[in-house]
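As given, the protein sequences belong to chains G and X, one line each in that order.
Number 15 in the working numbering belongs to position 15 of the first sequence; there are no gaps in the numbering.
Number 165 in the working numbering belongs to position 50 of the second sequence; there are no gaps in the numbering.
All C-beta atoms, glycine included, are put in the ideal place defined by N, C-alpha and C.
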Amino acid sequence: GAGVSQTPSNKVTEKGKYVELRCDPISGHTALYWYRQSLGQGPEFLIYFQGTGAADDSGLPNDRFFAVRPEGSVSTLKIQRTERGDSAVYLCASSFSNGPYNEQFFGPGTRLTVL
Amino acid sequence: AQTVTQSQPEMSVQEAETVTLSCTYDTSESDYYLFWYKQPPSRQMILVIRQEAYKQQNATENRFSVNFQKAAKSFSLKISDSQLGDAAMYFCALNTGTASKLTFGTGTRLQVTL
């Protein structure tokens with residue numbers, strides 16, 4: 001079956017603009033995760049959904065960042081008033097259920113560049 | 116808080132040889148899982164191998180094996196018979212029993228030469 005897909009692959013925006021990044025998880029996966037990977041670093045956790053609800057949003061850096069998953073499948077990460085420091089690759093992952101033993105399957109990421 | 120440390124920014128290995136990538140971690144949890152992920156230039160993270168902390172036996176997956184030293188909080192990855200396709204960034208990651216989020220190290224870039 002299809003893996004995790006993310007759109008767009010690349011996004012260039014200007015400082016102060018609003019952006020939306022989309023993630024389509026593997027069908028049937030109830031858990032969905034967002035990570036941010038800055039240049040030369042490992043991915044850092046942002047937020048995790050179990051079904052429709054955000055079970056852990058402790059990684060969101062500030063209130064400019066928000067994510068939704070209204071029907072328990074597709075998720076959108078929303079960034080308001082973008083700053084140059086938001087430039088990074090945003091990775092989405094999904095797993096069959098929550099729990100640390102479950103393999104997280106990653107998408108190819110969206111590279112966000114804020115000019 | 117959990118931390119994962121990879122002290123080797125880059126490693127190089129000749130094709131068909133063996134290489135070991137190092138990883139140390141810290142957590143106060145007793146129930147946790149350790150992972151090695153591979154990230155090729157395509158950016159897509161691929162699970163290489165995982166280890167449950169309660170298992171003493173080291174995990175193996177074909178040419179990939181780990182050396183899990185729980186007391187030392189060390190989790191190294193050994194790649195045997197290295198192939199050109201093994202060239203990538205390798206990330207060590209930790210997931211604990213009280214959370215479902217992965218904590219990653221900074222990665223090791225592996226080059227495979229002829």
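Identity of the residue in the options nearest residue i by Cα
i, options, result
"residue 193 of chain X", "X:217, X:187 and X:138", "X:138"
"residue 174 of chain X", "X:157, X:148, X:204 and X:123", "X:148"
"residue 122 of chain X", "X:216, X:191 and X:215", "X:191"
"residue 73 of chain G", "G:99, G:66, G:52 and G:81", "G:52"
"residue 118 of chain X", "X:125, X:142, X:127 and X:129", "X:142"
"residue 114 of chain G", "G:98, G:92, G:59 and G:86", "G:86"
"residue 176 of chain X", "X:124, X:188, X:195 and X:169", "X:195"
Test item: CB-CB of residue i and residue j under 8 Å
i, j, result
"residue 29 of chain G", "residue 94 of chain G", "yes"
"residue 202 of chain X", "residue 229 of chain X", "no"
"residue 219 of chain X", "residue 42 of chain G", "yes"
"residue 165 of chain X", "residue 150 of chain X", "yes"
"residue 133 of chain X", "residue 197 of chain X", "yes"
"residue 84 of chain G", "residue 64 of chain G", "no"
"residue 2 of chain G", "residue 38 of chain G", "no"
"residue 19 of chain G", "residue 11 of chain G", "yes"
"residue 199 of chain X", "residue 181 of chain X", "no"
Contacts around residue i, its chain only, beta-carbon distance under 8 Å, and the 5 residues preceding and following it disregarded
i, result
"residue 160 of chain X", "152, 153, 154 and 206"
"residue 102 of chain G", "31, 95 and 96"
Cβ shell of residue i (< 7 Å), same chain only, five flanking positions each side left out
i, result
"residue 90 of chain G", "21, 34, 36, 77, 109, 110 and 112"
"residue 66 of chain G", "78"
"residue 60 of chain G", "46 and 47"
"residue 127 of chain X", "226 and 228"
Interface flag, residue i vs chain X, CB-CB below 8 Å
i, result
"residue 98 of chain G", "yes"
"residue 53 of chain G", "no"
"residue 28 of chain G", "no"
Sequence-distant residues of its chain with Cβ nearer than 6 Å to residue i (five each side left out)
i, result
"residue 7 of chain G", "22"
"residue 55 of chain G", "48"
"residue 189 of chain X", "139"
"residue 24 of chain G", "5 and 74"
Contact with chain G by residue i, beta-carbon distance below 8 Å
i, result
"residue 179 of chain X", "no"
"residue 169 of chain X", "no"
"residue 162 of chain X", "yes"
"residue 147 of chain X", "yes"
"residue 225 of chain X", "no"
"residue 173 of chain X", "no"
"residue 159 of chain X", "yes"
"residue 200 of chain X", "no"
Backbone CA spacing between residue i and residue j [nearest angstrom]
i, j, result
"residue 129 of chain X", "residue 136 of chain X", "14 Å"
"residue 216 of chain X", "residue 14 of chain G", "31 Å"
"residue 223 of chain X", "residue 140 of chain X", "15 Å"
"residue 9 of chain G", "residue 158 of chain X", "11 Å"
"residue 105 of chain G", "residue 16 of chain G", "32 Å"
"residue 162 of chain X", "residue 100 of chain G", "14 Å"
"residue 68 of chain G", "residue 50 of chain G", "11 Å"
"residue 145 of chain X", "residue 98 of chain G", "18 Å"
"residue 210 of chain X", "residue 204 of chain X", "19 Å"
"residue 187 of chain X", "residue 167 of chain X", "15 Å"
"residue 62 of chain G", "residue 131 of chain X", "47 Å"
"residue 185 of chain X", "residue 70 of chain G", "41 Å"
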